[in-house]
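For reference, the structure discussed in these notes is given below.
Residue numbers (full-length UniProt numbering): 1 to 195.
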């Protein structure tokens with residue numbers, strides 16, 4: 001087994017569960033993730049105890065964040081992921097999505113500003129509308145009204161893009177809550193990536 005796929009030497013969450021690497025689904029997800037980003041996410045280590053859930057969440061993440069037929073750009077999706085994660089104070093996801101934006105060529109100072117307070121960052125009109133919508137869903141989903149979608153339309157986001165924004169936002173609220181609720185540590189690899 002390669003070092004990348006081996007269980008971490010120290011606990012990665014508050015759970016007292018062993019990392020399972022002998023299940024074929026787990027090995028497949030770990031290998032694919034390691035090939036893609038260079039390491040296995042700690043959330044995936046924790047979810048190795050539930051291989052079906054691990055595979056489903058990984059597939060959902062790929063579908064909503066990396067959809068090659070998507071309307072939103074990769075940068076717009078990562079901006080949503082970063083502002084949602086910052087709003088939820090999920091350090092693991094803030095580090096990961098800041099690294100993803102830097103990896104796309106975004107300036108480190110701009111990425112840090114988005115992470116700390118996106119309202120002070122130089123965002124396009126469309127990025128700002130997407131960020132505002134994502135934060136409102138994150139803070140108070142029951143308060144979303146048709147005018148919130150109209151603001152996206154006015155910023156040039158088409159209907160399919162609005163659907164994507166909602167799914168990206170929902171997905172990262174799920175993963176943020178898993179990380180925070182289980183005390184899943186941030187990956188040091190994500191923090192150091194693309195600096």
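Virtual Cβ for every residue (Gly too), placed ideally from N, Cα, C.
Is it right to say residue 153 is buried, meaning 16 or more other beta carbons lie within 10 angstroms of its own, or is it exposed?
-> exposed
Within the same chain, show all residues whose beta-carbon is closer than 7 Å to that of residue 74, passing over the 5 residues directly before and after it, in chain order.
-> 104
Count the other CB atoms, across all protein chains shown, that sit within 10 Å of the CB of residue 196; report buried if there are 16 or more and exposed otherwise.
-> With the chain running from 1 to 195 in the structure shown, residue 196 is simply not present.
Quick one: residues in its chain with C-beta nearer than 7 Å to the C-beta of residue 191, no 5 flanking neighbours on either side, listed in chain order?
-> 95
Sub-8 Å separation of residue 44 and residue 33 beta-carbons | yes
Is the distance from the Cβ of residue 198 to the Cβ of residue 126 below 8 Å?
-> Because the chain spans 1 through 195 in this model, residue 198 falls outside it and cannot be assessed.
With DSSP run on the structure shown, which of helix, strand or coil describes residue 42?
-> helix
Leaving out the 5 sequence neighbours to the left and right, which residues in its chain are closer than 6 Å to residue 42 when beta-carbon positions are compared?
-> 12, 184, 185 and 187
Length of the line joining the Cα atoms of residue 102 and residue 141 | 29 Å
Neighbourhood of residue 15 by C-beta, 7 Å cutoff - its chain only, sequence neighbours within 5 removed | 46 and 182
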